[in-house]
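Numbering of the sequence shown is given in our numbering, commencing with residue 10 and proceeding in unit increments.
See structure below.
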Amino acid sequence: NGPQKLEANILLLGAENVGKSALTVRFLTRRFIGEYGSIESIYNHSDRVDGREICFNIWDSLYPQNCDLHGCISEKQLRWADGFILVYSICDRASFNVVRQQVQQIRQFKKLPSGMDKVPIIIVGNKRDLQHRRTVSSEEGRLLAMSADCGFFETSAAETYHGVLLVFHEVLDLIREARTVK
Ligand code: GDP
Numbered sequence: 010n011g012p013q014k015l016e017a018n019i020l021l022l023g024a025e026n027v028g029k030s031a032l033t034v035r036f037l038t039r040r041f042i043g044e045y046g047s048i049e050s051i052y053n054h055s056d057r058v059d060g061r062e063i064c065f066n067i068w069d070s071l072y073p074q075n076c077d078l079h080g081c082i083s084e085k086q087l088r089w090a091d092g093f094i095l096v097y098s099i100c101d102r103a104s105f106n107v108v109r110q111q112v113q114q115i116r117q118f119k120k121l122p123s124g125m126d127k128v129p130i131i132i133v134g135n136k137r138d139l140q141h142r143r144t145v146s147s148e149e150g151r152l153l154a155m156s157a158d159c160g161f162f163e164t165s166a167a168e169t170y171h172g173v174l175l176v177f178h179e180v181l182d183l184i185r186e187a188r189t190v191k
């Protein structure tokens, strides 16, 4: 029978236009297609990771027009997610500030399942291929992640599949870790 299939609900958050869909599609298909519709979707993707069957449920969210009392993350999203990928663009300072706010909102409002001491969050600075337009340094990204106890990566959904794969595998690792801590 083998070990039970593991489900991981992963929510991508962040401002508009930072590459949430590009990262999601890269992970799912290994491709970069350049243009992505603005539809909100949850994708199911099964894969073997370290010999174990994993079902990734990936919610590629839209940044809302109106934010409510839990900030710009809905109650439903907070409840649904086992782990979060917060994306900004290294060429968009405002998008970095959105991530800063969303980290705080998650740490404040996400109810932890019993036995879990920390919600898995990865902060991602995307579009690292656009160095000449960079306005957020790697150091700033790393510092924010450290201060909020999150993982940190810079990626280019446009250039490489490998870096994107690392992000999804890291959030999966954190989810597995969080579930085994008692
Ligand atoms: P979302 O609104 O956060 O889902 O952003 P999208 O995935 O729709 O991407 C917004 C725009 O940025 C699109 O034109 C993408 O082709 C582009 N884009 C996404 N990721 C990258 C990247 O890593 N590098 C570059 N140069 N462009 C990217």
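No residue lacks a Cβ here, since even glycine has one placed at the ideal position from N, Cα and C.
The ligand GDP heavy atom lying under 8 Å from the CB of SER55: No, Cβ of SER55 sits at least 8 Å from all heavy atoms of the ligand GDP.
Candidates TYR52, SER146 and SER50, of which the one nearest CYS100 by Cα: Of TYR52, SER146 and SER50, the residue nearest in Cα terms is SER146.
Segment contact flag, the segment 18-33 with the segment 86-100, C-beta cutoff 8 Å, min 3 pairs: Contact between the segment 18-33 and the segment 86-100 is present, because at least three Cβ pairs lie under 8 Å.
Pair within 9 Å by beta-carbon distance, VAL128 and ALA187: Yes, these two residues count as a Cβ contact at 9 Å.
At least three beta-carbon pairs within less than 8 Å, the segment 160-170 to the segment 27-37: A contact exists between the segment 160-170 and the segment 27-37.
Helix, strand or coil at SER146 [DSSP, three-state]: In the structure shown, SER146 falls within a coil segment according to DSSP collapsed to helix, strand and coil.
For ALA17: DSSP bridge partner residues: When DSSP reads this structure, ALA17 sits in a beta bridge with PHE65.
Residues that DSSP places opposite TYR97 in a beta bridge: Answer by DSSP bridge pairing, in chain order: GLY134.
Rounded Cβ spacing between LEU87 and LYS136 (contact assumed at less than 8 Å): Contact doesn't hold; Cβ gap of about 27 Å is too wide.
Contact check, SER30 vs ASP56, beta carbons under 9 Å: Cβ distance not < 9 Å, so SER30 and ASP56 don't count as in contact.
Selection from GLY46, LEU15 and GLU16 that minimises the alpha carbon distance to GLY201: Here the chain comprises residues numbered 10 to 191, so residue 201 is not present and cannot be evaluated.
Nearest neighbour of ALA24, chosen from MET155, MET125 and VAL108 [CA to CA]: Among MET155, MET125 and VAL108, the Cα nearest to that of ALA24 is on VAL108.
Buried or exposed (CB count within 10 angstroms, at least 16 for buried), ILE130: Looking at its Cβ environment, which holds 16 or more other Cβ atoms inside 10 Å, ILE130 is buried.
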